[in-house]
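Student:
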Amino acid sequence: MQEATIARLTAINNVLVEYGLEMPSPPLKVFLEVAEKPGITHRDIVERTGIPGASVSRYVSILSNGMTWGGAGALDLVEAAPDPNNRRSQLVKPTEKGQALMKRLGEILEA
299 MQEATIARLT
309 AINNVLVEYG
319 LEMPSPPLKV
329 FLEVAEKPGI
339 THRDIVERTG
349 IPGASVSRYV
359 SILSNGMTWG
369 GAGALDLVEA
379 APDPNNRRSQ
389 LVKPTEKGQA
399 LMKRLGEILE
409 A
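In our numbering, the protein residues as written are 299 to 409.
1) Helix, strand or coil: which one does DSSP assign to leucine 389?
2) How would you call leucine 407, buried or exposed, if buried means at least 16 neighbouring beta carbons within 10 angstroms?
3) According to DSSP, which residues form a beta bridge with asparagine 384?
4) Between methionine 299 and alanine 352, what straight-line distance do the alpha-carbon atoms span, to the nearest angstrom?
5) In the structure shown, what three-state DSSP assignment does isoleucine 360 receive?
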C-alpha cells in the first residue's frame with residue numbers, strides 16, 4: 299500500500315474514534331447507508347446491507363441517542379422519526395454531528 303493511502307486510512311480511523319465509532323463494520327455500514335441516503339427506512343438498510351432487521355434496529359439505536367456502545371455514551375450520529383406515509387416504518391437520517399463526521403471523512407479522502 300502507498301504511504302498516502304495508509305496515512306488517509308489512519309486519519310479516517312482517528313476521526314471515527316473521535317466520534318465514538320470504535321466499532322465493528324456492521325454499525326459503520328448502517329451509518330454510511332444513512333449518510334448516503336438520508337431518510338432511508340430500516341427495511342431499505344436491511345436490503346442494501348444484508349444485515350438482519352433486528353440488528354439494524356439495534357445499530358440505529360446505538361448510532362442515535364438510544365443504546366450506548368462500549369461505554370462510549372450516546373453517539374448522536376443519526377436520528378429516526380416516524381414515516382408520515384407508513385406509521386409502522388421509521389425514516390433514519392444523519393444528525394448535524396453525523397453530517398459533520400461525513401464532511402471530515404470526505405475532506406480526508408479528497409486530500
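Glycine residues also receive a C-beta, built at the ideal position from the N, C-alpha and C atoms.
Tutor: Let me spell this out:
1) strand
2) exposed
3) Asp381
4) Any answer about methionine 299 is weak, because its pLDDT of 43 lies below 50 and its placement is not dependable; what the coordinates show is given next. For methionine 299 and alanine 352, the distance between alpha carbons rounds to 37 Å.
5) helix
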